[in-house]
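For the sequence shown, the residue numbers in numbering that gives the first Met the number 0 are 0 to 77. From the three backbone atoms N, C-alpha and C, an ideal C-beta is built for every residue, glycine too. Written below as structure tokens is the structure these notes are about.
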Amino acid sequence: MVTFREMKVQEIVEDEALTTEEKIARLREIEAEARGLQRAASESPMGDDDGWQDELRQVRIALDKLGAKEPSKGAASL
């Protein structure tokens with residue numbers, strides 16, 4: 000089953016009106032949002048399978064296909 004976020008990632012990658020840089024920027028926004036939600040879910044007493052790892056993997060695959068480089072990690076990154 001394809002999730003809404005996976006569809007959104009696919010739409011961005013396939014959008015011919017966007018430049019590669021614009022696609023990468025939009026995917027980075029989704030990636031940042033998913034990471035934030037993953038962090039919040041990991042702090043919840045609910046189940047440990049938050050589902051965000053798969054979402055992040057889809058975004059990372061799309062970014063790799065577009066040739067995006069990993070952002071440099073600052074001192075606060077894990």
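Could you name the residues of the same chain whose beta carbon sits closer than 8 Å to that of residue i, not counting the 5 residues immediately before and after it, in chain order?
i	result
Lys64	Val12
Gln52	Gln37
Arg98	Nothing can be reported for residue 98: it is not among the residues displayed for the chain, which extend from 0 to 77.
Pro70	Arg27
Are the beta-carbon atoms belonging to residue i and residue j less than 8 Å from one another?
i	j	result
Leu55	Ala33	yes
Asp14	Lys22	yes
Measure the beta-carbon distance from residue i to residue j and round it to whole angstroms, keeping in mind my assumption that it falls under 8 Å.
i	j	result
Leu26	Ala61	6 Å
Assign residue i to buried or exposed, taking buried as 16 or more other Cβ atoms, counted over all protein chains shown, within 10 Å of its Cβ.
i	result
Ala31	exposed
Ala39	exposed
Ala67	buried
Gln57	buried
If you drop the 5 nearest sequence neighbours on each side, which residues of the same chain put their C-beta closer than 6 Å to that of residue i?
i	result
Thr19	Leu65
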